[in-house]
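Working notes, beginning with the structure itself.
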Amino acid sequence: MKNKLLIIGASGHGKVVADIALKMNKWQSLAFLDDNENIKTSMGIEVIGKSTDVFNHIQDYDIFVGIGNNSTREKIQKKLEAEGASIPSLIHPRAVIGEQVELASGTVVMAGVVINCCTTIGKGCIINTGATIDHDNTIEDFVHISPGAHLAGTVKVGHGSWLGIGSVVSNNVNISKDCKIGAGAVVAKDITESGIYVGIPARRVSNGKDSNIG
Numbered sequence: 006m007k008n009k010l011l012i013i014g015a016s017g018h019g020k021v022v023a024d025i026a027l028k029m030n031k032w033q034s035l036a037f038l039d040d041n042e043n044i045k046t047s048m049g050i051e052v053i054g055k056s057t058d059v060f061n062h063i064q065d066y067d068i069f070v071g072i073g074n075n076s077t078r079e080k081i082q083k084k085l086e087a088e089g090a091s092i093p094s095l096i097h098p099r100a101v102i103g104e105q106v107e108l109a110s111g112t113v114v115m116a117g118v119v120i121n122c123c124t125t126i127g128k129g130c131i132i133n134t135g136a137t138i139d140h141d142n143t144i145e146d147f148v149h150i151s152p153g154a155h156l157a158g159t160v161k162v163g164h165g166s167w168l169g170i171g172s173v174v175s176n177n178v179n180i181s182k183d184c185k186i187g188a189g190a191v192v193a194k195d196i197t198e199s200g201i202y203v204g205i206p207a208r209r210v211s212n213g214k215d216s217n218i219g
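Dropping the structure here:
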């Protein structure tokens with residue numbers, strides 16, 4: 006771990022990431038990278054270059070990818086890993102983390118989250134504000150669990166999936182990789198095919214390519 010943190014992305018998600026980093030009080034200084042040249046500072050924190058400049062800073066900074074899009078975040082983090090970057094996980098002080106919970110690099114856990122015991126969270130995940138993940142869950146790499154989503158016990162969420170705000174997953178349910186679960190949807194049985202799922206109970210409405218469910 007280094008004494009400075011560099012966050013890629015100075016917009017909405019990046020700002021929340023920076024706020025958590027500040028509250029953790031582990032780094033002496035923070036900086037942003039952002040591709041919008043009009044952004045010079047964000048939250049009073051300096052933007053010191055574009056995202057492509059990150060490789061010039063690997064020796065001096067811990068690096069965190071503060072980008073909400075799962076696939077973009079994955080591409081950037083994998084490049085950073087290949088270059089040997091130091092990639093921390095970030096946990097808000099007001100999150101509740103149970104015993105024997107594993108959090109991999111590049112994952113952020115936001116305020117009000119509860120993650121109960123014996124759960125594994127993969128790399129580059131977003132566990133967003135007020136989400137709850139109960140015991141014995143497996144959240145694979147680069148998943149986004151949106152604000153207020155609730156996962157019961159022994160749930161598995163596949164690589165790159167996104168659970169929308171306020172969605173609910175019943176116990177002992179597996180969700181395939183690259184799924185998008187709509188806001189307020191209820192997943193009551195296994196989802197074995199990638200795509201977009203909405204409603205109560207959740208049903209597949211699209212193959213999910215180039216779609217955004219908000």
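Under this note's numbering, the first residue of the sequence shown is numbered 6, with each subsequent residue one higher. Glycine included, every Cβ here is placed at the ideal spot set by N, Cα and C.
> So what does H155 bridge to, in DSSP terms?
Replying inline: By 1-based counting over the sequence shown, the position of residue 155 is 150. DSSP output for H155 lists T137, V173 as bridge partner(s).
>> Among G49, V174, V101, whose alpha-carbon lies nearest the alpha-carbon of H155?
In response: Mapped onto the sequence shown, residue 155 falls at position 150. Nearest C-alpha to H155: V174.
> Are G135 and I72 closer than 8 Å when you measure CB to CB?
Replying inline: What you label residue 135 is simply residue 130 of the sequence shown in a count that begins at 1. What you label residue 72 is simply residue 67 of the sequence shown in a count that begins at 1. No, Cβ-Cβ distance for G135 and I72 is not below 8 Å.
>> As a quick exercise: from C122, K84, Q105, R99, pick the residue whose alpha carbon is nearest that of G111.
In response: The residue labelled residue 111 in the question sits at position 106 within the sequence shown. Nearest of C122, K84, Q105, R99 to G111, Cα basis: K84.
> Pick from T77, H149, V203: whose alpha carbon is nearest that of E190?
Replying inline: Taking the sequence shown and counting its residues from 1, one reaches residue 190 at position 185. In the sequence as displayed, the identity of residue 190 is Ala instead of Glu. With distances taken between Cα atoms, A190 lies closest to V203.
> What's the gap between the Cα of A23 and the Cα of D139?
Replying inline: As a first step, residue 23 is located in the sequence shown; it is residue number 18 there, counting from the start. As a first step, residue 139 is located in the sequence shown; it is residue number 134 there, counting from the start. Going by the C-alpha atoms only, they are around 26 Å apart.
>> According to DSSP, simplified to helix, strand and coil, what is G19?
In response: Residue mapping note: residue 19 aligns to position 14 of the sequence shown, counting from 1. Three-state DSSP puts G19 in a helix.
> Can you find at least 3 beta carbon pairs, one from the segment 75-82 and one from the segment 126-134, that sit closer than 8 Å?
Replying inline: yes
>> With a threshold of 8 Å on Cβ separation, who are the neighbours of S211 within its own chain once the five nearest residues in sequence on each side are excluded?
In response: Here the question's residue 211 lines up with position 206 in the sequence shown. Cβ neighbours of S211 beyond the five flanking positions: G200, I201.
> Helix or strand or just coil, what does DSSP make of R208?
Replying inline: Against the sequence shown, residue 208 aligns to sequence position 203. Correct three-state label for R208: strand.
> Near H18, which residues of its chain fall below 8 Å by C-beta distance, leaving aside the five closest residues on each side in sequence?
Replying inline: The residue you call residue 18 lines up with position 13 of the sequence shown. G71, I72, G73, I131, listed in sequence order.
> Between which two residues does the beta strand (DSSP E) harbouring K185 extend?
Replying inline: Here residue 185 is taken as the residue at index 180 of the sequence shown, counted from 1. Looking at the DSSP string, the run of the beta strand (DSSP E) that includes K185 is 184-186.
> Starting from S34 and walking both ways along the beta strand (DSSP E), at which residues does that stretch end?
Replying inline: Walking along the sequence shown from the start, residue 34 turns up at place 29. From DSSP, the beta strand (DSSP E) with S34 extends over 34-38.
> When DSSP labels each residue in this structure, what does N179 get in the three-state scheme?
Replying inline: As a working note, residue 179 is residue 174 in the sequence shown. Correct three-state label for N179: strand.
>> Looking at F37: is its Cβ nearer than 8 Å to the Cβ of I68?
In response: In the sequence shown, the residue the question calls residue 37 occupies position 32. In the sequence shown, the residue the question calls residue 68 occupies position 63. No, these two residues do not count as a Cβ contact at 8 Å.
>> Check for me: the beta strand (DSSP E) holding I12 runs from which residue to which?
In response: On the sequence shown, position 7 is the one that residue 12 refers to. First-last of the beta strand (DSSP E) with I12: 9-13.
> How would you write the range of the beta strand (DSSP E) that I68 sits in, first residue to last?
Replying inline: Numbered from its first residue, the sequence shown carries residue 68 at position 63. Counting along the chain, the beta strand (DSSP E) containing I68 begins and ends at 67-70.
> Which residues in the same chain have their Cβ closer than 7 Å to the Cβ of K20, if we skip the five residues on either side of it in sequence?
Replying inline: Within the sequence shown, numbered from 1, the residue matching residue 20 stands at position 15. Only S47, M48 meet the Cβ criterion.
>> Rounding to the nearest angstrom, what Cα-Cα distance links S16 and G103 in this structure?
In response: Here residue 16 corresponds to residue number 11 of the sequence shown, with the count starting at 1. Here residue 103 corresponds to residue number 98 of the sequence shown, with the count starting at 1. Straight-line Cα distance between these residues: approximately 30 Å.
>> Considering just the uninterrupted stretch of the beta strand (DSSP E) at I201, what are its terminal residues?
In response: The residue you call residue 201 lines up with position 196 of the sequence shown. Start and end: 200-203.
>> Please determine whether the Cβ atom of S76 lies at a distance below 7 Å from any heavy atom of the ligand ZN.
In response: Among the components of this structure there are no ligands whatsoever, and the ligand ZN is therefore not found.
>> Let's see if you can read the secondary structure: which residues bound the alpha helix (DSSP H) around A100?
In response: Start at 1 with the first residue of the sequence shown, and residue 100 comes out as number 95. Looking at the DSSP string, A100 is not in any alpha helix (DSSP H), and its letter there is neither H nor E.
> Among all the DSSP beta bridges, which residues are the ones paired with H149?
Replying inline: Position 144 of the sequence shown, counting from 1, holds the residue named residue 149. Looking at the DSSP assignment, H149 forms a beta bridge with I131, W167.
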